[in-house]
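Colleague: Have a look at this one.
Number of protein chains: 2
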Amino acid sequence: MKPVLKRFFDRNALVVNRALDRLLPANTVQPRVIHKAMRYSVNAGGKRLRPILVIAGAEACGGRAARVLPTACALEMIHTYSLIHDDLPAMDDDDLRRGRPTNHRVFGDAIAILAGDALLTLAFRLIADNARAAGVRNAAVIDVVRVVADGAGTAGMVGGQVADIESENGRWKKAGKRIFASPARLLEFIHLNKTAALIRASLVSGAVLSGGTKKEVAALDAYGRWIGLAFQVADDVLDRTGDKKKLGKRGSDAQNEKLTYPALFGLDRSVDIGREMIARAHGALKPLGKRAAVLHELADYIIARDH
Amino acid sequence: MKPVLKRFFDRNALVVNRALDRLLPANTVQPRVIHKAMRYSVNAGGKRLRPILVIAGAEACGGRAARVLPTACALEMIHTYSLIHDDLPAMDDDDLRRGRPTNHRVFGDAIAILAGDALLTLAFRLIADNARAAGVRNAAVIDVVRVVADGAGTAGMVGGQVADIESENGRWKKAGKRIFASPARLLEFIHLNKTAALIRASLVSGAVLSGGTKKEVAALDAYGRWIGLAFQVADDVLDRTGDKKKLGKRGSDAQNEKLTYPALFGLDRSVDIGREMIARAHGALKPLGKRAAVLHELADYIIARDH
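In order, the protein sequence lines correspond to chains A and B.
In terms of the numbering used here, the first sequence has 122 at position 122, counting the first letter as 1, and numbering is strictly consecutive.
In terms of the numbering used here, the second sequence has 66 at position 66, counting the first letter as 1, and numbering is strictly consecutive.
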C-alpha cells in the first residue's frame, strides 16, 4: 500500500473504530451476551473498507468524515452481520475468521444468528441518527436508507450470497445454464451482488449525505462497481497464485469446484480482466477531478495486493 | 371477536395482504428461491396484528391507512423474519408453524436465515419509501426508522428473544436471580421486549407518520405496552386452561419448566394480572377520545380470546 493510501486508511480506521465503540451498546447493558457477541465480531479487525469508502465518497464530493460517521459505522455493521451469518454451520460452517474463533463457536448458533440480526437492525438506526449531523438533509438520509437496504438485500448482498450458495460444489455447471445465459453471467451476478453492491452503497451513501451532485454520485457508483468486481477477480487469482502463508489458505477454490474467473477464463485472461476492470474504475472517477486522488490509489492497490 | 372489531380486522387484513403482495419482489426475480422463501412465510397467514396496529395508530391520530401502508407491511415483514429465525434448528427447532412446514423445512437452513435477513432489510426500504406518501414528512419517516429499529433490536424484540433463550429449560431459576432483581423482573423484561416492543413500535409508527401529537404518541405507546404484556399473560394462562384442539397444544410450558405468569404467581392471580393490564390499556387511551374505539375493543379481545 502506497504511503498516501496507507495514511488515509490508518487515520480513518482509527476514527471509525472509536465511533464503532461509541455507537455499539455497552457490554454491561442487558442482555449482556448479545452485546458481547456483537462487539466480539465488530472488533475482530478487518480493514474497515466499507466505512472508509463512505468517508472517501463524502470527501470526493467535498464533504467531511465527521458528518457521515454514523452511516460509515452502519456499513461496517452490515458487513459484520453478513460474515457472522455466512460463517454459521448452516452456511459455510467456518470455525475461524481472521485467526479467531467465529462468533457461533464462541456464543453458540442461536446468539450468533441474533447478533447478526441485531447488527443489521442497529445499522438502520445509525443511518437515521445521521440526520442529526450538521448540514445533512433529511431527504438525503432517507435516500441512504434506500441505497443501503438495496445494497444489502436480495437485489444486492443477500441476493449474491443466495446465488453463491446455489452454485456451490460445482452445481454452477448446471445452475449457471439453467438460470442465467451462461456461467460467466452467473459469476458476474454473484460478485456484482455479493461484493460490489455494498461497496457501491458505501461510496454512494457518503456522497449523498454530503450533497454530491447526480454526476458525482453516478461516478462513485460506477467506480464501486468496477473495484468491487476487480476485488473478486483478484481474490480468485490470489487463490491460485498467492503465498499460502499470507493468505492462510490457497487452492481451496479449485478443490471445491468453485465458480471463479480462473476456472472459466484461465489464469492469464483473469489477470487481464482484473486490469481492465481497474482501468474502468479509474475512468469512472473523471468527473471528480483531484478530489478522487485517494480512490485512484485504492483502485491500483486492489489488484496489487498479495493477501 | 365483536363484529366492529372483526370488520376492522377483515377489511384491513385484506388491504395489508394486497400491499404485501405488491411490495415483495416477485417469485420470478433472480435469485428466485429467496423471493419464494420470503413470500412463503409472509403468506403463511396470521392475523396481521402489527400492520393493523400501524393503521389503527394512524387512524387514532386522524391519519389514513393508505398513507402508512408501506410501514405497515414493514412491521409484518419484521414479525415474519423473527418467526423464521425463531423456528430454526439453532433456536426453537420447530417443524411446523400455523400447520405448515416451517421455512427452513421447505427451503433449508441457509435460505431460511437469508430470507429472514432479507425481510428485515426490505422492511427498512419500505419505511423509507413511505416518505413518498402524500402528507408524510421526511422527519417523521426518519423517526419511524428509529422507532422500528429500537423496537426490533437488542433494546426490543431481539433483546427479549435473547433473554428468553437464556432462561429456557428452568435456567431462569438461576439466571433470573443473577441478572435481574427477581424472576418476575426477568419475565417482565422478556415480554416487554420480545412482544410488547414491536407492538408499541407499530402503533407509534402509524401515529408519527400521521402527524400525531406528543400526547397522542405517548398514549398509543403506553397502550401498546399494556396490551403487549397482557397478550403474553393471556398466552401463558391459555397454555394451562385452553382447549387443546383450538390451541394445537396445551401444557407444554409446564413441561419445559418455562418461566410464565402461572408458574410465578399461580393461575388465579395471573388472570387478575392480565385484567389489570387491560384496564391500564383502556386508561392509556383517554387522550385519544372516540377515535380509539377500535383499540378499546382490541384490548378486551386480547384477554377474551380462546386461542
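Note that CB positions come from ideal geometry on N, CA and C, so glycine has one too.
In terms of DSSP beta bridges, what is B:L126 paired with?
Modeller: If you number the second sequence from 1, residue 126 of chain B lands on position 126. Answer by DSSP bridge pairing: none, since B:L126 is not bridged.
Colleague: Just to confirm before moving on: does the CB-CB distance between A:T121 and B:M38 stay below 9 Å?
Modeller: Here the question's residue 121 of chain A lines up with position 121 in the first sequence. Here the question's residue 38 of chain B lines up with position 38 in the second sequence. No; because the gap between Cβ atoms is not below 9 Å, this pair is not in contact.
Colleague: Give the straight-line distance between the Cα atoms of A:V144 and B:G46, rounded to the nearest whole angstrom.
Modeller: Counting from 1 along the first sequence, the entry for residue 144 of chain A is found at position 144. Counting from 1 along the second sequence, the entry for residue 46 of chain B is found at position 46. Cα-Cα distance, rounded: 32 Å.
Colleague: For the stretch 133-165 of chain A, list every residue whose C-beta sits within 7 Å of some C-beta in chain B, in sequence order.
Modeller: N138, A139, V141, I142, V145, R146, A149, D150, A152, G153, T154, V158, G159, Q161, V162, A163, I165
Colleague: Relative to the C-alpha of A:A152, which candidate in B:R125, B:P51, B:V162 has its C-alpha closest?
Modeller: As a working mapping, residue 152 of chain A is identified with position 152 in the first sequence. Of the listed residues, the one whose Cα sits closest to A:A152 is B:R125.
Colleague: Along the stretch 15-34 of chain A, what residues have a CB closer than 9 Å to any CB found in chain B?
Modeller: Those would be P25, V29, Q30, P31, R32, V33, I34, in chain order.
Colleague: So, does the stretch 203-214 of chain A touch the stretch 265-274 of chain A, judging by three or more C-beta pairs under 8 Å?
Modeller: no
Colleague: Rank B:V217, B:Y223, B:G242, B:D164 by C-alpha distance to the C-alpha of A:I34 and give the top, closest one.
Modeller: On the first sequence, residue 34 of chain A is found 34 positions in, with the first residue counted as 1. Taking only the C-alpha atoms, the option nearest A:I34 is B:D164.
Colleague: For the alpha helix (DSSP H) that contains A:R185, what are its first and last residues?
Modeller: As a position in the first sequence, residue 185 of chain A is number 185, starting the count at 1. Taken as a continuous stretch (DSSP letters only), the alpha helix (DSSP H) holding A:R185 covers 183-191.
Colleague: Between B:D109, B:R98, B:D150, B:R50, which lies nearest to A:L119 when the distance is taken from Cα to Cα?
Modeller: As a first step, residue 119 of chain A is located in the first sequence; it is residue number 119 there, counting from the start. Here the closest residue by C-alpha is B:D150.
Colleague: Taking 7 Å as the limit between beta carbons, can you name the residues of its chain near B:L96, skipping five residues before and five after?
Modeller: Residue numbering aside, residue 96 of chain B sits at position 96 when the second sequence is read from its first letter. The answer, listed in chain order, is T102.
Colleague: Taking only the alpha-carbon atoms, compute the straight-line gap between B:A115 and A:G159 and give it to the nearest angstrom.
Modeller: Counting from one through the second sequence, the residue named residue 115 of chain B turns up at place 115. Counting from one through the first sequence, the residue named residue 159 of chain A turns up at place 159. Answer to the nearest angstrom: the Cα atoms are 10 Å apart.
Colleague: Among B:Q161, B:A56, B:F107, B:V136, which residue has its Cα nearest to the Cα of B:M91?
Modeller: Here the question's residue 91 of chain B lines up with position 91 in the second sequence. When only C-alpha atoms are compared, the closest one is B:Q161.
Colleague: For A:L114, go through chain B and note every residue whose CB falls closer than 7 Å to its CB, in chain order.
Modeller: Numbered from 1 along the first sequence, position 114 holds the residue referred to as residue 114 of chain A. Simply V158, Q161, V162.
Colleague: Shorter than 9 Å from the beta carbon of A:H85 to some beta carbon of chain B?
Modeller: The residue given as residue 85 of chain A occupies position 85 in the first sequence. Yes, contact with chain B.
Colleague: Enumerate in chain order the residues of its own chain whose CB-to-CB distance from B:E168 is below 8 Å, with the five nearest sequence positions on each side excluded.
Modeller: Along the second sequence, read from residue 1 onward, the residue named residue 168 of chain B stands at position 168. Within the same chain, N256, K258 come within 8 Å of B:E168 by CB-CB distance, once the 5 residues on both sides are set aside.
Colleague: On the CB-based measure, 16 or more other CB atoms within 10 Å of its CB, does B:A66 come out buried or exposed?
Modeller: Indexing the second sequence from 1 puts residue 66 of chain B at position 66. B:A66 should be labelled exposed.
Colleague: If you follow the alpha helix (DSSP H) that A:S82 is in, where does it begin and where does it stop?
Modeller: On the first sequence, position 82 is the one that residue 82 of chain A refers to. Taken as a continuous stretch (DSSP letters only), the alpha helix (DSSP H) holding A:S82 covers 69-87.
Colleague: Going along the chain, which residues of the stretch 95-114 of chain B sit with their C-beta nearer than 9 Å to a C-beta in chain A?
Modeller: H104, G108, D109, A110, I111, A112, I113, L114
Colleague: Quick one: does A:T121 have its CB under 9 Å from some CB of chain E?
Modeller: This model lacks chain E altogether; the protein chains it does include are A and B.
Colleague: Residues of chain B with CB closer than 8 Å to the CB of A:R125, please, in chain order.
Modeller: Here residue 125 of chain A refers to the residue found at position 125 of the first sequence. V145, R146, A149, D150, G153, listed in chain order.
Colleague: Going by the DSSP bridge assignment, what does B:P25 pair with across the sheet?
Modeller: Residue mapping note: residue 25 of chain B aligns to position 25 of the second sequence, counting from 1. Paired residue(s): none; B:P25 is not in a bridge.
Colleague: Have a look at A:L83, A:I113, A:H79 and flag the residue whose alpha-carbon is nearest the alpha-carbon of B:L88.
Modeller: On the second sequence, residue 88 of chain B is found 88 positions in, with the first residue counted as 1. The residue with the shortest Cα to Cα distance from B:L88 is A:I113.
Colleague: Determine which residues share a DSSP beta bridge with B:P101 and list them.
Modeller: Locating residue 101 of chain B in the second sequence gives position 101, where the first residue counts as 1. DSSP, once it has assigned bridges, lists B:L96 as partnering B:P101.
Colleague: Is the CB-CB distance between A:L295 and A:A60 below 9 Å?
Modeller: Position 295 of the first sequence, counting from 1, holds the residue named residue 295 of chain A. Position 60 of the first sequence, counting from 1, holds the residue named residue 60 of chain A. Less than 9 Å separates the beta-carbon of A:L295 from that of A:A60.
Colleague: Within the 9 Å Cβ cut-off, does A:Y81 reach chain B?
Modeller: For the purposes of this step, residue 81 of chain A is taken as the residue at position 81 of the first sequence. It does; some Cβ of chain B falls within 9 Å.
Colleague: Are the C-beta of B:L88 and some C-beta of chain A separated by less than 9 Å?
Modeller: To locate residue 88 of chain B, count along the second sequence from 1; it is residue 88. So, interface residue.
Colleague: Is the stretch 218-234 of chain A in contact with the stretch 271-280 of chain A, if contact means three or more CB pairs nearer than 8 Å?
Modeller: yes
Colleague: Ordered along the chain, which non-local residues of its own chain (more than five positions away) have a Cβ less than 7 Å from that of A:I55?
Modeller: On the first sequence, position 55 is the one that residue 55 of chain A refers to. Result list for A:I55: N12, A65, V68, A72, G206, in chain order.
Colleague: Could you check what DSSP says for B:V136 in three-state terms: helix, strand or coil?
Modeller: Your numbering for residue 136 of chain B matches position 136 in the second sequence. DSSP, reduced to helix, strand and coil, places B:V136 outside both helices and strands of the structure shown, so it counts as coil.
Colleague: Looking only at C-alpha atoms, which of B:V237, B:G156, B:N193, B:V217 sits nearest to B:L285?
Modeller: What you label residue 285 of chain B is simply residue 285 of the second sequence in a count that begins at 1. Of the candidates B:V237, B:G156, B:N193, B:V217, the one whose C-alpha sits nearest the C-alpha of B:L285 is B:V217.
Colleague: Indicate the three-state DSSP secondary structure (helix, strand or coil) for A:K258 in the structure shown.
Modeller: Within the first sequence, the letter at position 258 stands for residue 258 of chain A. Residue state, collapsed to three classes: coil.
Colleague: Are the CB atoms of A:R50 and A:H85 within a distance shorter than 9 Å?
Modeller: Looking up residue 85 of chain A in the first sequence gives position 85. Looking up residue 50 of chain A in the first sequence gives position 50. No, Cβ-Cβ distance for A:H85 and A:R50 is not below 9 Å.
Colleague: Between the alpha carbons of B:R308 and B:R305, how many angstroms are there, rounded?
Modeller: Residue 308 of chain B lies beyond the residue range present for chain B, which begins at 1 and ends at 307; the question has no answer from this structure.
Colleague: Give me, in chain order, the residues of the same chain whose beta-carbon lies closer than 6 Å to that of A:A281; leave out the 5 immediate sequence neighbours on both sides.
Modeller: As a working mapping, residue 281 of chain A is identified with position 281 in the first sequence. For A:A281, where only same-chain residues beyond five positions count, the Cβ hits under 6 Å are Y223, W226, I227, A299.
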